[in-house]
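So the sequence shown is numbered by my numbering: it starts at 171 and just counts up by one.
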Amino acid sequence: MVFRYNSHTRLADDDALDEVLAYHDLTRTGFVSMFTPGQARTQQSFRLAELPTRLLLQRELNGDVYLTQNEFFRPGRKVVHCTRLTSFYLDLDTYNVGRLQGRAPEFLTEAALRQLDDQGLPEPSQIIFSGRGLQLKWVLERPVPAGALPRWTAVQRKLCERMTVLGADAKALDASRVLRVVGSVHSKSGELIRMVHRAKVPATGASMRADGLIVYQFDEFVNTVLPFTRLDLANQREARLESQAANDPGPLKATGSSCAPPSALAAPCPVESSAPKNEVRHPGARALNSTKLAWDRLADLRLLAEIRGWGGGVPPGKRDEFVFLGACFLAQSGVADRLWIETVALAREFAPTWSLKEIQSCVLSVLSRTQKALDGGKDLYAGVWTDPRYKFGNKVLLERLEVTPSEELELKCIISKEEARCRDRKRKEAQRRADGALTREEYLRPGHDRCAAALRLRRAGKAPAEIAALLGISKSSVSRYFKRTDRNLGGEHRPQEVDPP
Numbered sequence: 171m172v173f174r175y176n177s178h179t180r181l182a183d184d185d186a187l188d189e190v191l192a193y194h195d196l197t198r199t200g201f202v203s204m205f206t207p208g209q210a211r212t213q214q215s216f217r218l219a220e221l222p223t224r225l226l227l228q229r230e231l232n233g234d235v236y237l238t239q240n241e242f243f244r245p246g247r248k249v250v251h252c253t254r255l256t257s258f259y260l261d262l263d264t265y266n267v268g269r270l271q272g273r274a275p276e277f278l279t280e281a282a283l284r285q286l287d288d289q290g291l292p293e294p295s296q297i298i299f300s301g302r303g304l305q306l307k308w309v310l311e312r313p314v315p316a317g318a319l320p321r322w323t324a325v326q327r328k329l330c331e332r333m334t335v336l337g338a339d340a341k342a343l344d345a346s347r348v349l350r351v352v353g354s355v356h357s358k359s360g361e362l363i364r365m366v367h368r369a370k371v372p373a374t375g376a377s378m379r380a381d382g383l384i385v386y387q388f389d390e391f392v393n394t395v396l397p398f399t400r401l402d403l404a405n406q407r408e409a410r411l412e413s414q415a416a417n418d419p420g421p422l423k424a425t426g427s428s429c430a431p432p433s434a435l436a437a438p439c440p441v442e443s444s445a446p447k448n449e450v451r452h453p454g455a456r457a458l459n460s461t462k463l464a465w466d467r468l469a470d471l472r473l474l475a476e477i478r479g480w481g482g483g484v485p486p487g488k489r490d491e492f493v494f495l496g497a498c499f500l501a502q503s504g505v506a507d508r509l510w511i512e513t514v515a516l517a518r519e520f521a522p523t524w525s526l527k528e529i530q531s532c533v534l535s536v537l538s539r540t541q542k543a544l545d546g547g548k549d550l551y552a553g554v555w556t557d558p559r560y561k562f563g564n565k566v567l568l569e570r571l572e573v574t575p576s577e578e579l580e581l582k583c584i585i586s587k588e589e590a591r592c593r594d595r596k597r598k599e600a601q602r603r604a605d606g607a608l609t610r611e612e613y614l615r616p617g618h619d620r621c622a623a624a625l626r627l628r629r630a631g632k633a634p635a636e637i638a639a640l641l642g643i644s645k646s647s648v649s650r651y652f653k654r655t656d657r658n659l660g661g662e663h664r665p666q667e668v669d670p671p
């Protein structure tokens, strides 16, 4: 790759395209956004296939150009519209670290690689000099759906925590983040944004793509960075719940909200259930944290609108329910600190003609309860201090959304107990098949075959003792076959017994 340092060329389109194609596939559907700050502050959202053209159009800019790292199913870069996560990334503001100020990009790169090694973190797929710092990017082997946001976010935070000594920016961790484009120019430093390092040897959980780029498998990367696996977290959660049940959180004042929508409200519940440790979970249920569950329910809400043919917006009379519940799910999904912005974006899907005032009126109680939770407040409910945000059980959601049995079959998590049991049976059956277990039919087939053979031999005039010897079974088994068959036939068409010679 040839880097262009000529001040007359403000954006080296080949360099930029090489870098963004490491994680953005032009053949995929979806949108990305390009942002240019300054007096002409603009954000352009366009389809992935337009990337080369858009990068070329930025060539004459005398300043900064930023691009989203993840992909979205609608124009814009709201987290609620994220459809794919392409990579993990960090923005290192090394200019804020005294010992690194004024250092060359190569020195900064070595410092970053040493810190990563000391922390036991994987080598980035590529490192970009951002003009006054570094961008570290771990490209995924395959993009993962937005449903993986909770785990993705946890990894982002852990990476930032371990790289804080090098100026990792804790404000640049969200899925809607834009980072500087390779080939553009940092307007303050005058430096060209350029690639300074690419990994060459695959580490554990990594592989080398045909173009030579080192990419990472999502689950392997998560397990490498996070201190606990999913099973470890589940065990810790149970222990924490036991501890919470044994300790009073303190004399917090109970409060309530009078700004709820007119439809029935769910009682506020803890972010994590405070059920007693001996409570038996439903056999079809799988452990989910509240953030993951919220994203899955939001996906089901969208899917339900799609099933009903409401792609252009939910019809009047149904909009309040969809917007309100969507806001409740967002409040639990990890975007609580920017809930209003994300809720407005979601409301544009379900109620595109609503004004901001109508949206606010619908979700005001959700906003107030979420702000209370962010401020550390709790509500007293049924003698337990709980998170004030709304939470709903599936039974309530099915009733409020008026989900039909046929619609329920297509949903992922807003399902009844009966459907959960059915899916659990199918999962377990599929697992047994994968483990080599026999179906009931396969298990019974040998017995049926022996019975049929015994009947054929009897018709041929063989005595029970001979049949037992020929088939290698006991005489009592032969007698049992005959009795069962005769009983099923009701005595009709019973073969004539032949006395042994």
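By construction, the Cβ of each residue, glycine as well, lies at the ideal position given by its N, Cα and C atoms.
Could you compute how far the alpha carbon of residue i sits from the alpha carbon of residue j?
i: alanine 281; j: tryptophan 524; result: 51 Å
i: arginine 198; j: glutamate 220; result: 11 Å
i: arginine 350; j: aspartate 234; result: 7 Å
i: arginine 591; j: serine 295; result: 43 Å
i: histidine 356; j: glutamate 572; result: 53 Å
i: leucine 255; j: glycine 483; result: 26 Å
i: tyrosine 386; j: leucine 500; result: 29 Å
i: glutamate 599; j: lysine 462; result: 25 Å
i: valine 250; j: alanine 506; result: 12 Å
i: aspartate 656; j: leucine 640; result: 21 Å
i: arginine 559; j: leucine 336; result: 36 Å
i: lysine 248; j: alanine 475; result: 20 Å
i: arginine 451; j: alanine 607; result: Note that arginine 451 has pLDDT 42, beneath the 50 cutoff, so the model's placement of it is unreliable and the number below is only indicative. Roughly 26 Å between the two C-alpha positions.
i: valine 554; j: alanine 497; result: 24 Å
i: methionine 204; j: glycine 353; result: 14 Å
i: lysine 488; j: arginine 570; result: 10 Å
i: threonine 223; j: leucine 343; result: 28 Å
i: alanine 543; j: aspartate 557; result: 6 Å
i: glutamine 239; j: tyrosine 193; result: 8 Å
i: asparagine 459; j: asparagine 564; result: 15 Å
i: threonine 264; j: threonine 279; result: 10 Å
i: glutamine 541; j: proline 315; result: 28 Å
i: arginine 650; j: threonine 609; result: 24 Å
So for residue i, helix, strand or coil by DSSP?
i: tryptophan 524; result: coil
i: alanine 342; result: coil
i: leucine 581; result: coil
i: isoleucine 384; result: strand
i: glutamate 449; result: For glutamate 449, the pLDDT reaches just 37, beneath the cut-off of 50, and the residue's location in the model is therefore unreliable, although a value from the coordinates is still provided. It is coil, neither helix nor strand.
i: arginine 217; result: strand
i: tyrosine 651; result: helix
i: serine 646; result: helix
i: valine 366; result: strand
i: valine 190; result: helix
i: arginine 350; result: strand
i: leucine 509; result: helix
i: valine 719; result: Since the first and last residues shown for the chain are 171 and 671, residue 719 lies out of range.
i: leucine 226; result: helix
How is the alpha helix (DSSP H) around residue i delimited, first residue to last?
i: leucine 625; result: 610-629
i: valine 566; result: 564-570
i: phenylalanine 398; result: Careful: phenylalanine 398 lies outside any alpha helix (DSSP H) and carries neither H nor E.
i: leucine 473; result: 460-477
i: valine 493; result: 489-501
i: threonine 199; result: It is not in any alpha helix (DSSP H) - threonine 199 carries neither H nor E in the DSSP assignment.
i: aspartate 594; result: 587-604
i: alanine 607; result: Note, alanine 607: premise wrong, no alpha helix (DSSP H); not H, not E.
i: valine 325; result: 319-332
i: proline 372; result: Per DSSP, proline 372 belongs to no alpha helix (DSSP H) and is neither H nor E.
Per the DSSP calculation, residue i is bridged to which residue(s)?
i: tryptophan 555; result: Leu550
i: cysteine 252; result: Phe242
i: leucine 537; result: In the DSSP output, where bridge partners are listed per residue, leucine 537 has none listed.
i: aspartate 263; result: Note: aspartate 263 sits in no beta bridge, so no partner.
i: serine 257; result: Val309
i: methionine 204; result: Gln214 and Leu237
i: valine 355; result: Leu362
Can you name the start and end residues of the beta strand (DSSP E) that residue i belongs to?
i: alanine 376; result: 376-378
### Query
At which residue ranges does the region 265-316 contain complete alpha helix (DSSP H) runs of 4 or more residues, listed in the order of the chain?
275-288
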